[in-house]
Every structure is written in structure tokens, then in C-alpha cells.
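Please read the structure below before turning to the comments.
In the numbering used here, the protein residues as written are 426 to 1206.
And the structure:
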């Protein structure tokens, strides 16, 4: 009998649980629950099927019925209270958005997804502490003020937009991959050390700082526009695909490490510099940055970026675009490096052998072709991108030496980077070949010191001894100093003896000469031509004697541009020089207020006039390397030289030689200029050096038909009278050796020429005009 009573009691208690009515005081909430059917998308059961919650149709929600609900969608239902929701103990997803809720307090270990946006919840009435397994939270458009989510360690997605937030704490949310918090009042945002984070939208706040250090390496999207950021560090976000940081106060932006970037919007900032050399061709929006001075882009982007900034709506005329913030390709690249040595003893290259300087390498990947040099140190480092590359060493005189290996094939990424390959150069017989050249370091001005470098080199394979000689006009030049001291000095001549000049060795003579002033006799004025002739001799026969003599005709100037380009052969060469080397010197000067770390001299070679394969560097003021790309673009790169800005040390130069095309004919001209880049500044474009192939005897008209000169003989001033209407462009005076001794470059209004500084003898005056050129002889007494 006792067992029977206990059984009845158990059945009563069991039926009581299942018949328990859930207290739901909010009529709208209860009505919404009671209206659920399989066809109106209000509730789902634990199997994911839409259901009727009030399964027995008694007009009440019983605890047993609530326990069957896995997902509940009661949005936009004028609900003021969710009291009774805690009876839905198996609820995994709840959407109660767009209601007038002022509080929300749910306790559930099962709830994973909560949407409560567009209510009236505040930080004090929005309780999440009893939802430890929450994965997704949408609480946007609530007047929360602050939000601390540290207790919800399993959160993956959070959208707390438009919540008037002044503080947001997401520390320790190791599973969080998406955070949306725009349109708040946040001043700082710390999402550091969130290893799963992929995307953040924090736009339209008052942010002055964002900390993204330690986020996932796969972080891909950052939207932080419309804030108060003055700086933004994103280079550690290497897989970022979208960066939207417009309408801030950013002064510089560096995305050079973002090798997956597809979109960059940085419009309406205060940018002065933008570094976007990352190997990507990302879409770009950057209008509204009127202070922009420098953009570093990939080579493939330079033209399009220049078109953009100089186009309608931008007009950033003072902005320079280049690739020179780094000297490696943007994005992923690989390195081929090593050294080149000269094996003088034919026992194999080792640590005792000297480096082979300025070895040139042809580079090819099957599509693109380029040239690089090892520099004076003999070490080289060539950055390349993925693919198969053929590296071939090139010698100026390939019959003099052998190089091993003759070429190298490298495939990346199959090969490890850096790939090391040394080259060993050995003699190929006995070859005697010396070379000399003269470089004007400081231009000649009346009454001032002019400085020169005489460079002589053993290009052959045999050690040599001999002498270097320099002839000059002693009447108008005084020796100030020579280092080393001349071995002998006679009128108009200096000579230096040398011994044991090793193969490939070059040596330097530093020379300072003082130029006569206009008050001295003979007087020297602007336009006066100083004739120098350097020569190098040795007891043995030279295989290429043409470069044993170097003639340099220097025009005296009153002032000069410190960033200039000069053809050392002068304004004319004879037809006999066509196809031979001409020499160029480019000078640069740091006129800023801070040392220039990197300097690049870019020279675009006219391939119709020059043979680019014959270009060889001669000398530079500092260590540099030479790169040739895009067929005709030559870059002399002075990296990390930190050129000072004080007047005594702020000068530099580079000199090179190149052969003209042998097809040039009499009357042809060839021109060349250069662009000089000092760090991130707008390039300085040099003057254009123009040289004409001409002979003095060639005339376009009879001189006497158009001009007369008098007196002849002349002592001081030679007068010129035009008989017909003719426009004079320039006037040159030559001695009987054909040497240019005086030039007047802009002679449109010139009616007389001061020849008092010339020595006695016979001369030719050549007048260049709109009708051509003509010349005549005169005598100087």
C-alpha cells in the first residue's frame, strides 16, 4: 500500500512540472509566443524546425513547451519586458531586436546567438554575465555608454555600432574574428592579442589610437575612417586586404608590408607621405590630401599614380612619385648575392685575392631584361621576384679575362633565398690596356679655385708602370695643390710617375688650380674655354690607345647649378669620334637642412643615339651601384650615404661612359639629362647636355655674305656686324688646333666679343644662327 501512495505522489509531481505555467507579464511578449506556428518563423525546435510553441493550444506557455524551443525570433513586437525568457532553458538563438526593452537579464548556458539591437538598453540594465557560451552578439543602436565583454570568452562576432560607447573592453576574446563598433564615442580601441581577429570596423568614432598588435596573422579588413587618428601602424597586418582610413588627421601612412592589399582608401587626411610599395596594384582613393609631397609606389603603379595626382580633382603638383623608399621590389622578393674576385695567381679565388670592382651582370627572366653592377667593393646583391633568372657576368673587354661560372640559373621559390653565388675572374693571356680621364669636381670661375680628379686605371691583365701627364694653359691657371705631388712640373705641364698598377686597379690624382680673374693678365671672364689634355703612357704597347688621351674643354662660368650634367667631350665631337665612348658627369648637392640618407640619379638613355650595353660607371663620390631596367632607365643608387648638408661636405657626383651609335652622322645631336632624387623629395632635373657631331670647316652659308668682323687683326674687342636679317644663337672661337677656347652661348644681342684674354695667334670665329653656321679666320695681336 505504501508503494502505491509513493507512485501516485511521483505522478502528481511529474505532471505538475509539465503543467507549470511560465509567468510572462508582458502581454505583447506572450502574444508573440502564442502566435508562433510552423509557418510564421517565430520559433524553432531543437531540431531546427519551425514550430507552434503552445502545442496544447491552452493559451498558456508551459515550462515543458518552453524547453522545446531552440531559436526564438520576437523582434519588432513592441515588447517592453522579456520576463519569463529564462524558462526557455534550451534556447540557443534569440532575436529580440527593435523593441522598447529597457533591460535584459538572461541566464543560460546554452544561448549562443543574441540579437538585441535597436532597444533602449543601458550598460546597467544589459546583463550578459550569465551567458558564458555566447558566440554572436548584435547589440547595436542601444544607449549603452560602455560595454565590457571579457566574461563572454567564446564570442566570435560582436556588433555594437551606434551605442554611444565611450569604452569597449574585448580583452581575452581569443575566438573573436569580427568586431563592428562604428558610430560611437570611443577615443581609444585596444584589440591587441586577439589571435582570431579578422575584421574591425571602428569608423565614425573619436579614436586617437588603435592597438592591433598581436592580432591574427590573417587579419584582413580594417575600417577606421572618420576618426581623429594622427598615426596608424598597420605594417604588421601583412594579410590585410582592405584598409579604409579616410577622414582622419594622418600625416604619413606606410602599407609597404601589406602584400595582400586590394583596397586603400586614405582620402581627406593631412598626409605628407604615402608608402605603398608592396607588390600590389591595389585600388586607391586619396583625394583631399593637399599637403602630400611623396608617394612611394611599385614600379608598375608609378605612371597610374602620377596620372591620378596630376589629374582633375587632385592637382598635387608638388608631390613626387617614385620607387626609391626601398631598393628591392615591393611584396615578396628573393635575393641573389655574392662577390667577384680576381685570381691573380691562377690558383683559384680565395680570401687572399682582391675583389673585382664594378662587375656588370646581365639579368633575364625570359621576359624582362636588366643590368646590375657589383659596385666598387666587388660585392653584389640582386633582388628578384619569383621565377627563373639567368645571371651572366659581362666584361668591358671580354677577351682579357675569363669568368667562372659563365652564367647561373636560379629558380625561386624552389631555391632558398638568399642564393649565394661567387664569381672568379682569371687572366686570359697578357693584355696591356691603360685608361685616363679628367673629372671637374668644382667648376672653373674667374678668380676662384677649380678642383679636378684625374683617374687612371689598368683595364688590362698585366701589371704596369708609367706616367700620367696633364697639359694646360699656365698663363691663366696657377697650381694650388696636387695630391700626390707631381713628379715633375714644367710650363703648361704636370707629370706623375706610377709603378705597379695592378690589373683592374685605379688610382686618383686630386688637383686644385686657381683661375685668373678679369683683373689679371691675361684676363679670364665667363665663357673662356680652358683646354686640358691628360695622357697616360707606359713602356709597352697599349691595345686600345684611344683612351690613353683625354681632352677636356671646360667653359669658365660666373656661377653654376650644383646639380648639373656635363658631357666631358664638350658641345661638339668630330665624325671620327662617332661610335666611341663619350663621358658624362652628374653632380649633386644637398642644399637641405638634414643629411640625405639615399640619393638616386636616374638617367633615361636615348636608345636611338647610344648603345646602352656599353655603359660603364667610372667613378662616384660615394659608394653606389648601377641598375639598368626597362630597356633604357639607368639608376645610380647611393644608399645610406647620409650626405651632409654643410657646404664643405654636401657635394657628390657620378661619372660614366657610354658609346654613341655608329650610325650617327654629321649634324646629328645627342642630348642627355638626369633626375636627382634626395630621399623623398621631388626630383631635381638637371640641365640638358647637348653635343653635336660637327667639323669646323663645314659651313651652311658664306660668312662674308651675312657678317663682317673688325678690326682684324684685333687686340682687345672683336666687333661683329650683321649685313642681313639673321638671328645669332651662339658664338664659338677655336684655335688652329680645333680646340674651343671661347664660347658665348646666348648671343642674340652680341655685337662684340672680348678676346683680350687670348694669346697671340690665329683663330676661327664660328657663328651659329637660324640660317645655320659659318666661320671665318681672324688674328689676335
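Glycine included, C-beta positions come from ideal geometry on N, C-alpha and C.
Practice problem: Figure out for me which residue from 1056, 1036, 990, 1067 has the closest Cα to the Cα of residue 1019. | Solution: It is 1067.
Quiz item: Which ranges does the beta strand (DSSP E) cover as unbroken runs of at least 3 residues, wholly within the region 774-818, from first to last along the chain?
Solution: Every beta strand (DSSP E) stretch that sits fully inside the region 774-818 and reaches 3 residues is listed by chain position as 785-789, 794-798, 804-809.
Self-check item: Cβ shell of residue 679 (< 6 Å), same chain only, five flanking positions each side left out
Solution: Only 660, 700 meet the Cβ criterion.
Quiz item: How many Å lie between residue 779 and residue 711 at the Cα?
Solution: Across the structure, residue 779 and residue 711 are spaced so that their CA atoms are roughly 51 Å apart.
Quiz item: Three-state secondary structure (DSSP) at residue 874?
Solution: In the structure shown, residue 874 sits in a strand (DSSP, three-state: E or B).
Quiz item: With DSSP run on the structure shown, which of helix, strand or coil describes residue 834?
Solution: Here residue 834 sits in strand by DSSP.
Self-check item: Inter-residue CB distance, residue 718 and residue 694 (contact presumed, cutoff 8 Å)
Solution: The Cβ separation is near 13 Å, so there is no contact.
Quiz item: Thinking C-alpha only, which one of 1120, 1098, 651 is nearest residue 1111?
Solution: Restricting attention to 1120, 1098, 651, the CA atom closest to the CA of residue 1111 is found in 1098.
Quiz item: How about the region 634-654 and the region 613-620: do they share at least three Cβ pairs that are nearer than 8 Å?
Solution: These segments touch.
Quiz item: Just to confirm, are residue 774 and residue 766 a CB contact at a threshold of 7 Å?
Solution: Yes; because the gap between Cβ atoms is below 7 Å, this pair is in contact.
Quiz item: DSSP three-state call for residue 461: helix, strand or coil?
Solution: Residue state, collapsed to three classes: coil.
Quiz item: Taking Cβ to Cβ, would you say residue 1207 is nearer than 7 Å to residue 795?
Solution: Since the first and last residues shown for the chain are 426 and 1206, residue 1207 lies out of range.
Quiz item: For the candidate residues 674, 696, 623, 652, whose alpha-carbon lies nearest to that of residue 666?
Solution: When only C-alpha atoms are compared, the closest one is 623.
Quiz item: Where residue 904 and residue 1180 are concerned, what is the direct C-alpha to C-alpha distance, given to the nearest angstrom?
Solution: Rounded to whole angstroms, the gap between the alpha carbons of residue 904 and residue 1180 is 24 Å.
Quiz item: Would you call the CB atoms of residue 994 and residue 1007 closer than 7 Å?
Solution: Going by C-beta atoms, residue 994 is nearer than 7 Å to residue 1007.
Quiz item: Taking C-beta to C-beta, are residue 541 and residue 529 nearer than 7 Å?
Solution: In this structure, the beta-carbon distance from residue 541 to residue 529 falls below 7 Å.
Quiz item: Between residue 434 and the rest of its own chain, which residues show a CB-CB distance below 7 Å, the 5 nearest in sequence each way excluded?
Solution: A caution first: residue 434 carries a pLDDT of 43, below 50, which makes its placement in the model too unreliable to give a value.
Practice problem: Provide the residue span of the beta strand (DSSP E) that contains residue 960, from first to last. | Solution: Element bounds for residue 960: 954-962.
Self-check item: Sequence-distant residues of the same chain with beta carbon closer than 6 Å to residue 803, five excluded per side
Solution: Counting only Cβ-Cβ distances below 6 Å, and skipping sequence neighbours, we find 764, 765, 780, 781, 782.
Quiz item: In three-state terms, what does DSSP make of residue 972?
Solution: Correct three-state label for residue 972: helix.
Practice problem: With DSSP as the reference, please indicate the residues paired to residue 689 in a beta bridge. | Solution: DSSP lists 668, 709 as partners of residue 689.
Quiz item: Can at least three beta-carbon pairs, one atom from the region 558-567 and one from the region 580-587, be found at a separation below 8 Å?
Solution: At 8 Å Cβ cutoff, the stretches touch.
Quiz item: Considering only residues of the same chain and omitting the five flanking positions on each side of residue 960, which have a CB-CB separation below 7 Å?
Solution: Exclusion of the five residues before and after residue 960 leaves 861, 894, 973, 974 as the residues of its chain whose Cβ lies within less than 7 Å of its Cβ.
Quiz item: Alpha carbon to alpha carbon, how far is residue 897 from residue 875?
Solution: Cα to Cα, the separation comes out at about 13 Å.
Practice problem: Specify whether the region 1137-1145 and the region 1102-1110 touch according to this definition: at least 3 beta carbon pairs, one from each stretch, less than 8 Å apart. | Solution: No, the region 1137-1145 does not touch the region 1102-1110.
Exercise. Indicate whether the contact test is met: 3 or more Cβ pairs, each with one atom in the region 833-850 and one in the region 948-962, closer than 8 Å.
Key: With a cut-off of 8 Å, the region 948-962 and the region 833-850 do not count as touching, because too few Cβ pairs lie within range.
Exercise. Might you give, ordered along the chain, the residues of its own chain that have their beta carbon closer than 6 Å to the beta carbon of residue 906, omitting 5 neighbours on each side?
Key: These residues qualify, in order along the chain: 937.
Quiz item: Should residue 653 go down as buried or exposed, given a rule of 16 or more other Cβ atoms within 10 Å for buried?
Solution: The residue in question, residue 653, is exposed, as its Cβ has fewer than 16 Cβ neighbours within 10 Å.
Quiz item: With DSSP run on the structure shown, which of helix, strand or coil describes residue 634?
Solution: Strand.
Quiz item: Between the C-alpha atoms of residue 618 and residue 648, what's the straight-line distance to the nearest angstrom?
Solution: Cα to Cα, the separation comes out at about 18 Å.
Quiz item: Going straight from the alpha carbon of residue 436 to that of residue 445, what length do you get?
Solution: Reliability fails at residue 436, whose pLDDT of 42 lies under 50, so the model's placement of it is uncertain and the value that follows must be treated cautiously. Rounded to whole angstroms, residue 436 to residue 445 spans 14 Å at the Cα level.
Quiz item: For the beta strand (DSSP E) that residue 1003 lies in, which residues bound it at each end?
Solution: For residue 1003, there is no enclosing beta strand (DSSP E), since its DSSP letter is neither H nor E.
Quiz item: What residues are listed by DSSP as bridge partners for residue 865?
Solution: In DSSP, residue 865 forms a bridge with 877.
Quiz item: Could you check where the alpha helix (DSSP H) with residue 727 kicks off and where it finishes?
Solution: Per DSSP, the continuous alpha helix (DSSP H) segment holding residue 727 begins and ends at 727-734.
Quiz item: Between the beta-carbon of residue 594 and the beta-carbon of residue 620, is there less than 7 Å?
Solution: No, the pair does not count as a contact, with Cβ atoms beyond the cut-off.
Quiz item: Cα separation between residue 969 and residue 962?
Solution: The straight-line gap from Cα to Cα measures roughly 12 Å.
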